[in-house]
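Residue numbers (our numbering), protein chains in the order written: chain A, 1 to 165; chain B, 166 to 213.
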């Protein structure tokens, strides 16, 4: 299992935010991870107080909680090919940008937004601008898909090569 | 740092830019529709 020695308070906050979780949700996830393994942890309201302190660096989480964080975010950390010279910070950035990409609307949804925006005259944007904005967004969506594929290929190649680079 | 690490960082940076551009365009379109909702609520409040 990856050590948590290089995880800073800032990274704990970024891990949480990359999932779009607020502090109470983070507390629930930690308690859920603890429940799954029968561990005893602080009550929900206690965790809600402690998490911001850990994230601000006012105090460090004890080993029990550090291990729970690893359990909760193991899929994100496991995203990295073994042997690759990646830092945790980069793993967080990668997970964050992938998560944002996954939340983007699809072309159909963008076209629906365009149609709704065109349904009546607007002062803020002309119909031509609305159409251009939607077309640009869809073109960028294709770029996003291409970059995601490129990243997967790069990460996959690296894993297949055992990180020998 | 290896050439492959560089490529990954570069691809990540470009992905970040493209995602931000889609987010900005979608936000602009949604803002137009949000204006409609706000205007509708104002209208309802005036009538109510």
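Even glycine gets a Cβ: it sits at the ideal position worked out from N, Cα and C.
What you are looking at is a predicted structure, and each value in this text was computed from that prediction instead of being measured.
Would you say residue i reaches chain A, if we count a Cβ-Cβ gap shorter than 9 Å as a contact?
i: residue 179 (chain B); result: yes
i: residue 188 (chain B); result: yes
i: residue 176 (chain B); result: yes
i: residue 210 (chain B); result: no
I'd like to know if residue i contacts chain B, where contact means its C-beta is closer than 9 Å to some C-beta of that chain.
i: residue 144 (chain A); result: yes
i: residue 133 (chain A); result: yes
i: residue 92 (chain A); result: no
i: residue 154 (chain A); result: yes
i: residue 128 (chain A); result: no
i: residue 110 (chain A); result: yes
i: residue 17 (chain A); result: no
i: residue 147 (chain A); result: yes
i: residue 14 (chain A); result: no
i: residue 121 (chain A); result: no
i: residue 137 (chain A); result: yes
i: residue 150 (chain A); result: yes
Could you round the C-beta distance between residue i and residue j to whole angstroms and report it? I think they count as a contact, below 8 Å.
i: residue 140 (chain A); j: residue 186 (chain B); result: 5 Å
i: residue 177 (chain B); j: residue 148 (chain A); result: 10 Å between Cβ atoms; not a contact.
i: residue 104 (chain A); j: residue 184 (chain B); result: 7 Å
i: residue 127 (chain A); j: residue 113 (chain A); result: Residue 127 (chain A) to residue 113 (chain A), Cβ: 14 Å. No contact.
i: residue 44 (chain A); j: residue 27 (chain A); result: 5 Å
i: residue 110 (chain A); j: residue 145 (chain A); result: Actually they do not touch by this definition, with Cβ atoms about 14 Å apart.
Would you say residue i and residue j are within 9 Å of each other, going by their C-beta atoms?
i: residue 71 (chain A); j: residue 33 (chain A); result: yes
i: residue 31 (chain A); j: residue 47 (chain A); result: yes
i: residue 154 (chain A); j: residue 195 (chain B); result: no
i: residue 29 (chain A); j: residue 64 (chain A); result: no
i: residue 92 (chain A); j: residue 14 (chain A); result: yes
i: residue 131 (chain A); j: residue 190 (chain B); result: no
i: residue 9 (chain A); j: residue 57 (chain A); result: yes
i: residue 116 (chain A); j: residue 180 (chain B); result: no
Runs of alpha helix (DSSP H) lying entirely within the stretch 30-116 of chain A, each at least 4 residues, in chain order: 44-56, 63-72, 74-77, 88-103
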